[in-house]
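Using the working numbering, you'd call the opening residue of the sequence shown number 22 and step up by one each time. Quick notes on the structure that follows.
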Amino acid sequence: MQKCSICKHENNLFSEECHHCGSTLKGKLDMRYEGAGRRSQQRNQTLIDKVWRFFASVRNGMYILLMTLLATALGTILPQRTYIPIGRVPQEFYESEYGVFGRLYHYLGFDQLYSSWWYMTLLGLLGASILIASIDRFFPLYRALKLQPVKRKEHFLTHQLYVKNKEISDPERLIRQIRDRRYRVRQDGEDYLAEKNRFARWGPYVNHIGLLLVLLAAFLRLFSFFYQDEFVWIRDGETAVVPDTNQSLFIKNKQFSVDTYDADDPKFEAAIEQEGRSIPKSFTTDIIVYEAENHIAGDTPDLKVLKQMQVSVNHPVKAAGFTIYQSGYQMNEFSGLTLRAENEDGLTADFQVNTEDPQTDYELANGLHAKLVDYYPDYQLNGDNIITATKYPRNPAFVFDISEGDMTERLFIAIDEVVSETGSNKYNIHAVDYDTHNVTGLSVKRDWTLPVFLLGGLIFMMGLIQGLYWQHRRIWLQRQADGSYLIAGHTNKHASSFEREMDRILDIYDKGESG
Numbered sequence: 022m023q024k025c026s027i028c029k030h031e032n033n034l035f036s037e038e039c040h041h042c043g044s045t046l047k048g049k050l051d052m053r054y055e056g057a058g059r060r061s062q063q064r065n066q067t068l069i070d071k072v073w074r075f076f077a078s079v080r081n082g083m084y085i086l087l088m089t090l091l092a093t094a095l096g097t098i099l100p101q102r103t104y105i106p107i108g109r110v111p112q113e114f115y116e117s118e119y120g121v122f123g124r125l126y127h128y129l130g131f132d133q134l135y136s137s138w139w140y141m142t143l144l145g146l147l148g149a150s151i152l153i154a155s156i157d158r159f160f161p162l163y164r165a166l167k168l169q170p171v172k173r174k175e176h177f178l179t180h181q182l183y184v185k186n187k188e189i190s191d192p193e194r195l196i197r198q199i200r201d202r203r204y205r206v207r208q209d210g211e212d213y214l215a216e217k218n219r220f221a222r223w224g225p226y227v228n229h230i231g232l233l234l235v236l237l238a239a240f241l242r243l244f245s246f247f248y249q250d251e252f253v254w255i256r257d258g259e260t261a262v263v264p265d266t267n268q269s270l271f272i273k274n275k276q277f278s279v280d281t282y283d284a285d286d287p288k289f290e291a292a293i294e295q296e297g298r299s300i301p302k303s304f305t306t307d308i309i310v311y312e313a314e315n316h317i318a319g320d321t322p323d324l325k326v327l328k329q330m331q332v333s334v335n336h337p338v339k340a341a342g343f344t345i346y347q348s349g350y351q352m353n354e355f356s357g358l359t360l361r362a363e364n365e366d367g368l369t370a371d372f373q374v375n376t377e378d379p380q381t382d383y384e385l386a387n388g389l390h391a392k393l394v395d396y397y398p399d400y401q402l403n404g405d406n407i408i409t410a411t412k413y414p415r416n417p418a419f420v421f422d423i424s425e426g427d428m429t430e431r432l433f434i435a436i437d438e439v440v441s442e443t444g445s446n447k448y449n450i451h452a453v454d455y456d457t458h459n460v461t462g463l464s465v466k467r468d469w470t471l472p473v474f475l476l477g478g479l480i481f482m483m484g485l486i487q488g489l490y491w492q493h494r495r496i497w498l499q500r501q502a503d504g505s506y507l508i509a510g511h512t513n514k515h516a517s518s519f520e521r522e523m524d525r526i527l528d529i530y531d532k533g534e535s536g
């Protein structure tokens, strides 16, 4: 299509006058789509055509891309939930680390931005824009290039990038020189069309295919079959199911071990002293991976051994399509506490509390009754508020109601602290014994989308190279009535280089050289 410089109306490539205002069309032709009509340019449009036109617009596509980029940048302001410390409660983490802004960030769901419905909607709109814009332009351009004739109207030729009238006595010699420059030549009577690097025109569309594959990979990460990133804590000797595997994959922690730096080594002595504790050098878990056979929900599954192996830091292992990483550990985590309740007369009663799943009521000796009101597995003070840093029993604290007859007192009990809410202090509870165990933290990941991402990136780069380093060039030689030739040329980019090439070809012809 060519645009009128007066009324800006788009006209057919072969028009000499504007259909809208009648002005003489001047300047070079717009050869991007060879004058082929596109669906988005139809004047009479249905609702579907209007939707098509919206997504086919490059301007609208750029707006959607800009919104997607802004949203993507927003997700990088604070760490996503996947990357916060393992075991931390997201709401408490963002508020404690980043204050009011962190609380708002979590409340609005920006901590899981890349899996949110509205971010996926943006990606879907971007994908629709890329796909529809490509289809809207690809097929008209394909038909125009596939069916382009050798003979063209004079108006078409005289409005190309390179135009020259020349007496040519031996057109065959000129055509040989053009072929030597890797042009493919077609002939129709005494007219010729030479063309090379037509494939360069498809570079942007190859780019679009790569981008669509990248967007597809992003969508596939929503489905657990294609992408999973789970974390499991497994105590020594225990077997745990991997979340979101439909209870089909189990891992047993046979033994966990930690290797620390030698405190007597002069190289590490200062660092260990500054840290105030032993520093781990590496930690390793001997694991057994099981697959559940004929598993029915609610029944104890029959486990089949898949692999026995050792996983350590920076040395992941693979099993059942998953990659297992050694990602954390907890030494001496509480598994049970023995608490002793005592009244003001000195009468005592001991009772056991399972820190992993504590019961609510405890009937004690000597007529005492304990009722669990609240439980903080990993007790911390946040200003005047009591919070649990994680859901794991690393520093357990309890709120108990201790009653004897009609007398009830509420107590807050931590490992080394007892506080009476009433202030009467008629009762006391303290820990007299405890059981601990070591816990290994394993990341279990599966990512089938990575090959799709890589393929999309590779195709995108191929399209980028295809469009940047080659140019689609055409030369028309059309015999005029006076016996001379009208020579016209066009390239989709690097016009000055093309003009030099044309001048060089004609200069060689004039000198009578062979190449």
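Even for Gly, the Cβ is constructed at its ideal location relative to N, Cα and C. The model shown is predicted, which means the values in this text are computed figures rather than measured ones.
- The Cβ-Cβ distance between Ser356 and Asp456 falls below 9 Å.
- The Cβ atoms of Glu520 and Tyr213 do not sit closer than 9 Å to each other.
- Two segments are said to touch when three or more pairs of C-beta atoms, one from each, lie closer than 8 Å; by this definition the stretch 118-135 does not touch the stretch 164-183.
- Contact check between the stretch 470-482 and the stretch 235-253: three or more CB pairs, one atom from each, fall below 8 Å, which counts as touching.
- Looking at Gln501, Phe114, Phe220 and Tyr397, the one whose alpha-carbon comes closest to that of Arg495 is Phe220.
- Within the DSSP bridge table, the entry for Pro301 names Thr281 as partners.
- Put simply, the backbone Cα of Gln501 is about 7 Å away from that of Leu507.
- Among the bridge pairs identified by DSSP, Ser464 is matched with Phe252 and Tyr346.
- Here Ile85 carries a helix assignment [DSSP, helix/strand/coil].
- One thing to note: Lys466 has its Cβ within 9 Å of the Cβ of Thr344.
- Contact annotation, Glu363 with Asn449: C-beta distance approximately 5 Å; criterion of less than 8 Å satisfied.
- According to the DSSP secondary-structure assignment, Asp395 is paired through a beta bridge with Val420.
- Collapsing the DSSP output to three states places Trp138 in a helix.
- If you look at Thr179, you'll find it in the alpha helix (DSSP H) that goes Glu175 to Thr179.
- In the structure shown, Asp51 adopts coil according to DSSP, grouped into three states.
- At a Cβ-Cβ threshold of 9 Å, Tyr248 and Phe159 do not count as neighbours.
- Lys187 is the residue among Ser150, Thr461 and Lys187 whose C-alpha sits nearest the C-alpha of Asp503.
- For Thr381 and Gly96, the gap between their C-alpha atoms comes out near 41 Å.
- Taking C-beta atoms as the reference points, Arg74 and Arg60 count as a pair closer than 9 Å.
- For His493, no beta strand (DSSP E) run applies, since DSSP gives it neither H nor E.
- Here the alpha carbon of Ile309 sits roughly 11 Å from the alpha carbon of Gly258.
- With fewer than 16 neighbouring CB atoms inside 10 Å of its own CB, Phe122 falls in the exposed class.
- With a cutoff of 9 Å on beta-carbon distance, Gly231 and Phe76 are scored as not near each other.
- For Arg200, same chain residues with a beta-carbon under 7 Å away, outside a window of 5 residues either side, are Val206 in chain order.
- By the neighbour-count definition (other C-beta atoms within 10 Å, threshold 16), Tyr115 is a buried residue.
- Collapsing the DSSP output to three states places Ala502 in coil.
- Lys288 sits in a helix when the DSSP states are folded into three classes.
- Between Gly462 and Phe252, the C-beta spacing is below 9 Å.
- Between Gly224 and Leu489, the C-beta spacing is below 9 Å.
- It is roughly 25 Å from the alpha-carbon of Asp437 to the alpha-carbon of Asn387.
- Your pair Leu389 and Glu425 checks out as a contact, with CB atoms roughly 5 Å apart and the cut at 8 Å.
- Short of 6 Å from the beta carbon of Thr429, and not among the five residues preceding or following it, lie these beta carbons of its own chain, in chain order: Asp422.
- Annotation: Phe271 to Ile255 spans about 11 Å, alpha carbon to alpha carbon.
- Contact annotation, Val279 with Tyr350: C-beta distance approximately 7 Å; criterion of less than 8 Å satisfied.
- With fewer than 16 other Cβ atoms from the protein chains shown falling within 10 Å of its own Cβ, Leu125 counts as exposed.
- The Cβ neighbour count for Trp497, taken over all protein chains shown within 10 Å, is at least 16; the residue is labelled buried.
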